[in-house]
Amino acid sequence: MRIAVYCSASTSIDQKYLDLAFDVGVAIANSGADLVWGGGQVSMMGAAARGARERGAKTFGVIPEKLVTVEFEDPDATEMFITSNMRTRKAKIEDLSDAFIALPGGIGTLEELFEIWVGRFLKFHDKPVIVLDPYDLYAPLATLIDHLEEHGFVKPGQRELLHWARTVDEALDIATQ
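Just so we're aligned, residue -5 is where the sequence shown starts under the numbering used here, counting upward by one.
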């Protein structure tokens, strides 16, 4: 099994987010799964990969050619896939993965989360999509989704396809069901 992690490459975030990403990598390895991620060695991306590798998991990075030097391609990846652009990156991550966990992140993480969630609703895949949010960073997003649902913009059944977890263990339990 391979679990994709969407997360930040920002170098200006609190250490607790790096620790969370590392713990997710460790938990993925401890579950017997391997990690698929954006291929970077910095910030949360690098922490998740290091955590997974430290416990013996394989790590499969997917990085667009244009970001190889910006996100500092992880030289220790088990396998690195270099894509032509972000669209092909996301498609490759989807193809390689059996579940998806979104950690705290910015617009790139949100964009990946929304695309994989829409794909789940449209039945392009039937893989679990999880938001791991132990620090309530995404609480306003959850409120917005509720608001959109109240006004008919989020259809019945869409919200239920997005699993919310507060702990690493809870996220891994959902991902490996």
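The beta-carbon is built from N, C-alpha and C at its ideal position, and this holds for glycine as well.
Residue span of the alpha helix (DSSP H) that contains residue i, given as start and end
{"i": "A136", "result": "133 to 144"}
{"i": "E59", "result": "From DSSP, E59 is part of no alpha helix (DSSP H); its letter is neither H nor E."}
{"i": "A3", "result": "Looking at the DSSP string, A3 is not in any alpha helix (DSSP H), and its letter there is neither H nor E."}
{"i": "K84", "result": "80 to 90"}
For residue i, the residue or residues it bridges with in DSSP
{"i": "V125", "result": "A96, W158"}
{"i": "R(-4)", "result": "D28"}
{"i": "G34", "result": "E67"}
{"i": "T103", "result": "The partner list for T103 (beta bridge, DSSP) is empty, contrary to what the question assumes."}
{"i": "T53", "result": "L29"}
Status (buried if at least 16 other CB within 10 Å, exposed otherwise) for residue i
{"i": "G33", "result": "buried"}
{"i": "A159", "result": "buried"}
{"i": "P134", "result": "exposed"}
{"i": "Y129", "result": "exposed"}
{"i": "G55", "result": "buried"}
{"i": "R44", "result": "buried"}
{"i": "P69", "result": "exposed"}
{"i": "E88", "result": "buried"}
{"i": "M39", "result": "buried"}
{"i": "V112", "result": "exposed"}
{"i": "D127", "result": "buried"}
{"i": "L61", "result": "buried"}
{"i": "I101", "result": "exposed"}
Contact check, residue i vs residue j, beta carbons under 7 Å
{"i": "V90", "j": "A15", "result": "For the sequence presented, residue 90 should be read as Leu rather than Val. No, Cβ-Cβ distance for L90 and A15 is not below 7 Å."}
{"i": "G19", "j": "A42", "result": "yes"}
{"i": "F94", "j": "L155", "result": "no"}
{"i": "R49", "j": "N24", "result": "yes"}
{"i": "T53", "j": "L29", "result": "yes"}
{"i": "Y132", "j": "V123", "result": "no"}
{"i": "I22", "j": "A51", "result": "yes"}
{"i": "M(-5)", "j": "D92", "result": "yes"}
{"i": "E106", "j": "Y11", "result": "no"}
{"i": "P58", "j": "R83", "result": "yes"}
{"i": "I(-3)", "j": "A165", "result": "no"}
{"i": "R153", "j": "E144", "result": "no"}
Boundaries (first-last residue) of the beta strand (DSSP E) holding residue i
{"i": "I76", "result": "73 to 77"}
Subject >> At least 3 beta-carbon pairs within less than 8 Å: the stretch 0 to 9 vs the stretch 140 to 155 >> reply: No: fewer than three Cβ pairs fall under 8 Å.
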